[in-house]
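Have a look at the structure below, then the notes.
There are 2 protein chains.
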Amino acid sequence: MNKDKKPQQNTILDIAEALKLSPATISRALNNHPHVKEKTKSDVLKMAAQLGYRRNQMASGLRSNKTHTVGLIVPRISMFFHAEVITTIQNALHKHGYNLIICQSNDLLTMEEELADILYASRVDALIVACTLQTTDFSHFDKLVSSGIPVIFYDRVPLDAYPATFIKGDDFRGGYLATCHLIETGSQKIAHISGKLSSNLYQDRTAGFRKAMEQHQLPVNPDWVFHQELTHENAKEAMTKMFSGAIVPDALFSANDVTAIAALEFAKENGIQVPRDLKIIGYSNDPRTSIITPALSTIEQYPAKVGQKIVEVLMEQLKNGEREVGQKPYVIPVDLIRRMSS
Amino acid sequence: MNKDKKPQQNTILDIAEALKLSPATISRALNNHPHVKEKTKSDVLKMAAQLGYRRNQMASGLRSNKTHTVGLIVPRISMFFHAEVITTIQNALHKHGYNLIICQSNDLLTMEEELADILYASRVDALIVACTLQTTDFSHFDKLVSSGIPVIFYDRVPLDAYPATFIKGDDFRGGYLATCHLIETGSQKIAHISGKLSSNLYQDRTAGFRKAMEQHQLPVNPDWVFHQELTHENAKEAMTKMFSGAIVPDALFSANDVTAIAALEFAKENGIQVPRDLKIIGYSNDPRTSIITPALSTIEQYPAKVGQKIVEVLMEQLKNGEREVGQKPYVIPVDLIRRMSS
DNA sequence: GAATTTTATGAAAACGTTTTCATTTTATGG
DNA sequence: CCATAAAATGAAAACGTTTTCATAAAATTC
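Order-wise, the sequence lines are chains G and P.
For the record, in the first sequence the residue sitting at position 211 is 211 according to the working numbering, with numbers rising by one throughout.
For the record, in the second sequence the residue sitting at position 73 is 73 according to the working numbering, with numbers rising by one throughout.
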């Protein structure tokens with residue numbers, strides 16, 4: 001059909017020819033190299049605009065080993081928190097002239113490994129990762145790290161020392177705040193549904209929970225603490241177990257919103273009044289929590305701030321080349337969102 | 001720090017040397033070229049694996065004008081429907097060895113234009129687009145189209161003839177089904193909150209609405225039909241207007257779920273019983289609709305099917321090179337999800 | 001077994017930049 | 001105004017593939 005009219009892209013040579021300059025000078029001008037006259041620079045820029053010139057990323061990347069592309073691995077983009085973080089990252093990177101390749105691991109370790117490999121092969125300039133919940137070994141990122149490619153972990157980060165940068169929410173404080181809130185509103189028999197302790201997220205949230213209980217001299221009933229995959233089904237099962245006992249809890253701190261929602265459903269189905277008989281608080285401020293009846297209290301994680309920080313740190317590292325390794329994680333504050341369920 | 005131990009990537013030349021073959025043969029073997037002996041192929045593949053060889057995308061792309069990367073422009077990845085479509089697309093493309101660059105227009109036309117430009121410059125092999133609601137002019141995609149790059153529009157597609165491929169939900173049927181359902185459950189005075197008619201989505205959904213009304217010989221009250229941005233606030237305003245009149249509607253078909261939720265909130269706040277006094281149906285089957293009380297009826301759009309179809313059509317076009325232009329849009333069926341609000 | 005076709009390989013150019021090194025031009029100081 | 005330093009430009013190589021064209025090796029035909 002319209003195969004003939006391929007409007008071939010103008011190259012640096014076209015600009016060179018038009019201005020009677022060498023391609024080398026054009027390249028320097030376009031890259032704002034200090035050794036080129038101001039007048040020449042502006043001439044080149046003008047001509048480039050006039051010819052609709054667009055740098056060929058691949059040629060440029062091949063020669064300079066820079067792709068101007070950042071990789072991102074995330075469990076699932078449909079998770080509200082991640083969607084927000086990604087949006088912020090993308091908009092910020094865009095301003096700095098970087099592209100973003102977003103990949104989903106579907107929370108599978110094998111997928112995460114494969115993606116790390118692919119993104120390494122794609123020669124991304126940097127990598128941003130929110131790990132799988134099962135990721136405890138990080139050797140699949142070694143290649144990147146030892147090639148000097150900045151790797152930034154956020155949200156779900158390695159537990160032990162790993163030569164990369166970490167940005168995380170204040171999960172300990174989140175757990176602490178949530179639990180204190182339940183206590184302050186009069187609860188004493190508090191249950192806790194959390195995730196597998198292989199992830200820093202749940203280690204910290206649970207630690208915050210225990211700290212608050214201890215501080216208020218409240219006992220933690222081991223039968224009311226769950227560490228399992230945080231699915232709807234698992235949460236309902238846990239609720240069933242707890243509410244078939246002789247003594248039942250009067251409050252629940254769920255380490256994510258999905259399980260808090262499941263718990264609320266369970267309560268409704270079983271005639272348990274929320275918040276009168278059972279107070280519930282979740283984690284993440286998922287949009288659903290504000291819509292369900294009664295609206296769920298939860299912990300706000302400020303995804304936009306997380307995204308902002310990631311890009312800030314990233315640009316710093318890309319500029320300075322060398323990064324300080326082994327430093328403390330950057331911690332983004334969290335806040336309590338109080339609603340009708342507590 | 002660890003600058004010294006950059007483990008440089010092995011190239012095609014390393015394989016060539018190891019096997020005493022020429023780089024040309026290696027390249028052909030890796031690309032499964034017919035003119036290379038089976039034995040040689042397997043030798044090369046084995047050695048490539050052994051050396052941990054990964055093709056340099058940029059070199060390959062520069063020479064062959066293929067990036068093995070597909071661009072995607074979407075209003076917002078946090079919209080449930082789009083998140084699901086993207087996930088499907090990504091997983092499918094991944095199996096075919098393609099990368100996906102996901103970009104968000106934030107529903108801004110200027111952003112969409114800029115992104116089309118950037119992705120063109122990035123030499124993506126194909127482009128997938130869900131337009132902005134304001135996009136009525138599509139000339140910013142002309143460059144891509146006339147360069148022979150497959151462009152696939154989905155969900156929000158151009159209204160008039162444009163030489164590209166379209167994949168859309170059956171919005172007319174969705175509007176029709178929703179309205180018929182309201183009528184069949186006993187409603188007669190049906191209101192309709194829709195979006196701006198600049199988008200095919202709302203043209204079609206509204207057309208379906210009108211068709212159903214006409215077929216059942218019910219009048220459409222023009223004061224009860226709104227064409228506005230489908231935000232929470234606008235919906236509440238519309239509801240206020242309608243329910244301050246002498247006659248009030250007994251059912252509402254909202255063209256998206258956000259406004260259906262807003263309408264439900266309005267009803268709750270004003271003591272209007274749903275579904276007794278007012279039946280409500282939304283559109284898209286957003287996760288929130290099943291969680292709100294009463295659960296909202298809505299229209300399921302099967303985002304996974306949409307994603308699947310997109311990739312199917314895309315791979316077809318990438319393989320065959322030439323695409324059939326000006327053909328009918330591919331239409332993905334929709335279904336009614338009946339819940340408590342109707 | 002020579003002539004021809006088919007199959008498999010190699011040499012070298014090409015893709016569009018960036019960058020090193022060399023060279024020319026301009027500015028500076030005495 | 002010459003010597004020198006500084007600034008601006010150019011020539012050419014390089015990045016790692018793919019691909020055209022040529023050639024060598026193997027298979028086929030008579």
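For each residue, glycine too, the CB sits at the ideal point set by N, CA and C.
Quantities reported herein were computed from a predicted structural model and do not represent experimental measurements.
Original post:
Who are the neighbours of residue 80(G) on chain P, taking C-beta pairs under 9 Å?
Top reply: Position 80 of the first sequence holds residue 80(G). Here the neighbours are 78.
Subject >> C-alpha distance - residue 6(P) paired with residue 53(P), whole-angstrom precision >> reply: Here the question's residue 6(P) lines up with position 6 in the second sequence. Here the question's residue 53(P) lines up with position 53 in the second sequence. For residue 6(P), the predicted structure reports a pLDDT of 47, less than 50, and the residue's modelled location is therefore unreliable. A value from the coordinates is still provided. So the alpha carbons of these two residues sit roughly 15 Å apart.
Original post:
Should residue 122(G) be flagged as near chain P, meaning a C-beta pair shorter than 8 Å?
Top reply: By 1-based counting over the first sequence, the position of residue 122(G) is 122. Closer than 8 Å: yes.
Original post:
Within this structure, are the beta carbons of residue 332(G) and residue 306(G) separated by less than 8 Å?
Top reply: Taking the first residue of the first sequence as position 1, residue 332(G) is located at position 332. Taking the first residue of the first sequence as position 1, residue 306(G) is located at position 306. At the C-beta level, residue 332(G) and residue 306(G) come within 8 Å of one another.
Original post:
Would you call the CB atoms of residue 192(G) and residue 206(G) closer than 8 Å?
Top reply: Working through the first sequence from its first residue, we reach residue 192(G) at position 192. Working through the first sequence from its first residue, we reach residue 206(G) at position 206. Taking 8 Å as the Cβ cut-off, residue 192(G) and residue 206(G) qualify as a contacting pair.
Subject >> C-beta atoms of residue 63(G) and residue 30(G) nearer than 8 Å >> reply: Your numbering for residue 63(G) matches position 63 in the first sequence. Your numbering for residue 30(G) matches position 30 in the first sequence. Taking a C-beta distance under 8 Å as the contact criterion, residue 63(G) and residue 30(G) do not qualify as a contact pair.
Subject >> residue 262(P), buried or exposed, once every other Cβ within 10 Å from all chains shown has been counted against 16 >> reply: Your numbering for residue 262(P) matches position 262 in the second sequence. Residue 262(P) is buried by the Cβ-count criterion.
**OP:** Pick out whichever of 264(G), 165(G), 161(G), 180(G) has its Cα sitting closest to the Cα of residue 148(G).
**Re:** Residue numbering aside, residue 148(G) sits at position 148 when the first sequence is read from its first letter. It is 165(G).
**OP:** Give the single residue among 200(G), 293(G), 188(G) whose Cα lies nearest to the Cα of residue 248(G).
**Re:** Here residue 248(G) refers to the residue found at position 248 when the first sequence is read from its first residue. Looking at the Cα atoms, 188(G) is the closest of the given residues.
Subject >> Short-range partners of chain P found in the segment 44-61 of chain G, where Cβ spacing is below 8 Å >> reply: Residues passing the 8 Å Cβ filter: 54, 55, 56, 57, 58, 59, 61.
**OP:** Just the chain P side, please: which residues come within less than 9 Å of residue 353(G) by C-beta, in chain order?
**Re:** As shown, chain G starts at 1 and ends at 342. That puts residue 353(G) outside it, with no answer to give.
Subject >> 8 Å contact criterion, which residue 81(P) and residue 301(P) should meet: CB distance rounded >> reply: The count along the second sequence starts at 1 and reaches residue 81(P) at position 81. The count along the second sequence starts at 1 and reaches residue 301(P) at position 301. Confirmed, about 6 Å.
Subject >> Under 8 Å from the C-beta of residue 83(G): neighbouring residues of chain P >> reply: What you label residue 83(G) is simply residue 83 of the first sequence in a count that begins at 1. Chain P residues near residue 83(G): 77, 78, 83.
**OP:** Measure from the alpha carbon of residue 111(G) to the alpha carbon of each residue in 38(G), 130(G), 223(G), 285(G), then state which is nearest.
**Re:** For the purposes of this step, residue 111(G) is taken as the residue at position 111 of the first sequence. Looking at the Cα atoms, 130(G) is the closest of the given residues.
Subject >> Where the beta strand (DSSP E) through residue 103(G) begins and ends >> reply: Counted from its first residue, the first sequence places residue 103(G) at position 103. First-last of the beta strand (DSSP E) with residue 103(G): 99-104.
**OP:** Establish whether the CB of residue 136(P) and some CB of chain G are separated by less than 8 Å.
**Re:** Translated into the one-based positions of the second sequence, residue 136(P) becomes position 136. Not one chain G Cβ lies under 8 Å of residue 136(P).
**OP:** Would you decide whether residue 20(P) is buried or exposed? Buried here means 16 or more other CB atoms lie within 10 Å of its CB.
**Re:** Counting from one through the second sequence, the residue named residue 20(P) turns up at place 20. Label assigned to residue 20(P): exposed.
Original post:
Any Cβ of chain P within less than 8 Å of the Cβ of residue 288(G)?
Top reply: The residue you call residue 288(G) lines up with position 288 of the first sequence. Interface with chain P (8 Å Cβ-Cβ cutoff): residue 288(G) is included.
**OP:** Given a cut-off of 8 Å, decide if residue 194(P) and residue 227(P) are closer than it, judged by their beta-carbon atoms.
**Re:** Here residue 227(P) refers to the residue found at position 227 of the second sequence. Here residue 194(P) refers to the residue found at position 194 of the second sequence. For residue 227(P) and residue 194(P), yes; Cβs fall inside 8 Å.
**OP:** Spell out whether any CB of chain P is found under 8 Å from the CB atom of residue 292(G).
**Re:** Here residue 292(G) corresponds to residue number 292 of the first sequence, with the count starting at 1. At least one CB of chain P lies nearer than 8 Å to the CB of residue 292(G).
Original post:
How close, in whole Å, do the beta carbons of residue 75(G) and residue 117(G) come, if the pair is a contact with beta carbons under 8 Å?
Top reply: The residue you call residue 75(G) lines up with position 75 of the first sequence. The residue you call residue 117(G) lines up with position 117 of the first sequence. In fact, because the Cβ distance is near 18 Å, the residues do not count as touching under 8 Å.
Original post:
Helix or strand or just coil, what does DSSP make of residue 139(G)?
Top reply: Here the question's residue 139(G) lines up with position 139 in the first sequence. Three-state DSSP puts residue 139(G) in a helix.
**OP:** Say whether the segment 305-319 of chain P touches the segment 153-167 of chain P, bearing in mind that this needs 3 or more beta-carbon pairs closer than 8 Å, one atom from each stretch.
**Re:** Because the criterion of three Cβ pairs below 8 Å is met, the segment 305-319 of chain P and the segment 153-167 of chain P touch.
Original post:
In chain order, what residues of the same chain lie with their CB nearer than 8 Å to the CB of residue 257(G), ignoring the 5 residues before and after it?
Top reply: Working through the first sequence from its first residue, we reach residue 257(G) at position 257. Excluding positions up to five away in sequence, the list reads 282, 283, 284, 285, 286, 288, 289, 296, 298.
Original post:
Rounded to a whole number of angstroms, what is the C-alpha to C-alpha distance between residue 68(P) and residue 317(P)?
Top reply: In the second sequence, the residue the question calls residue 68(P) occupies position 68. In the second sequence, the residue the question calls residue 317(P) occupies position 317. Pairing residue 68(P) with residue 317(P), the inter-Cα distance amounts to about 14 Å.
**OP:** With a cut-off of 8 Å on the beta carbons, I'd call residue 253(P) and residue 182(P) a contact; round off their distance for me.
**Re:** Translated into positions along the second sequence, residue 253(P) becomes position 253. Translated into positions along the second sequence, residue 182(P) becomes position 182. The Cβ separation is near 6 Å, so the contact holds.
Original post:
the segment 247-273 of chain G: which residues have C-beta closer than 7 Å to a C-beta of chain P, in chain order?
Top reply: Residues passing the 7 Å Cβ filter: 261.
Original post:
Is the segment 154-161 of chain P in contact with the segment 123-139 of chain P, if contact means three or more CB pairs nearer than 8 Å?
Top reply: Cβ pair count under 8 Å is three or more, so yes.
Subject >> Distance, residue 24(P) Cα to residue 49(P) Cα >> reply: By 1-based counting over the second sequence, the position of residue 49(P) is 49. By 1-based counting over the second sequence, the position of residue 24(P) is 24. Residue 49(P) and residue 24(P): Cα-Cα distance of roughly 18 Å.
Original post:
Hey, residue 89(G) and residue 124(G): beta-carbon distance below 8 Å or not?
Top reply: Locating residue 89(G) in the first sequence gives position 89, counting from the first residue. Locating residue 124(G) in the first sequence gives position 124, counting from the first residue. Against a cut-off of 8 Å, the Cβ pair of residue 124(G) and residue 89(G) comes out as no contact.
**OP:** Output, in chain order, the set of chain G residues within a Cβ distance shorter than 8 Å of residue 32(P).
**Re:** The sequence position of residue 32(P) within the second sequence is 32, counting from 1. Neighbours of residue 32(P) on chain G: none; closest Cβ ~18 Å, over 8 Å.
Original post:
How many Å lie between residue 10(G) and residue 329(G) at the Cα?
Top reply: Position 10 of the first sequence, counted from the first residue, corresponds to residue 10(G). Position 329 of the first sequence, counted from the first residue, corresponds to residue 329(G). Taking the CA atoms as reference points, residue 10(G) sits about 46 Å from residue 329(G).
Original post:
Can you find a C-beta in chain G that's less than 8 Å from the C-beta of residue 5(P)?
Top reply: Counting from 1 along the second sequence, the entry for residue 5(P) is found at position 5. Any reading at residue 5(P) needs caution, since the residue's pLDDT is 40, under 50, leaving its predicted position unreliable; the model's value is listed next. Answer yes: the Cβ-Cβ gap between residue 5(P) and chain G drops below 8 Å somewhere.
Original post:
Should residue 341(G) and residue 268(G) be called a contact, given that it needs their Cβ atoms to be closer than 8 Å?
Top reply: Walking along the first sequence from the start, residue 341(G) turns up at place 341. Walking along the first sequence from the start, residue 268(G) turns up at place 268. Not a contact, by the Cβ cut-off of 8 Å.
**OP:** Anything in chain P within Cβ reach of residue 87(G), meaning under 9 Å, just list it in chain order.
**Re:** Against the first sequence, residue 87(G) aligns to sequence position 87. Taking a Cβ-Cβ cut-off of 9 Å, the neighbours of residue 87(G) in chain P comprise 76, 77, 78, 104, 106, given in sequence order.
Subject >> Three-state secondary structure (DSSP) of residue 302(P) >> reply: In the second sequence, residue 302(P) corresponds to position 302, counting from 1. In the structure shown, residue 302(P) sits in coil (DSSP, three-state: anything other than H, G, I, E or B).
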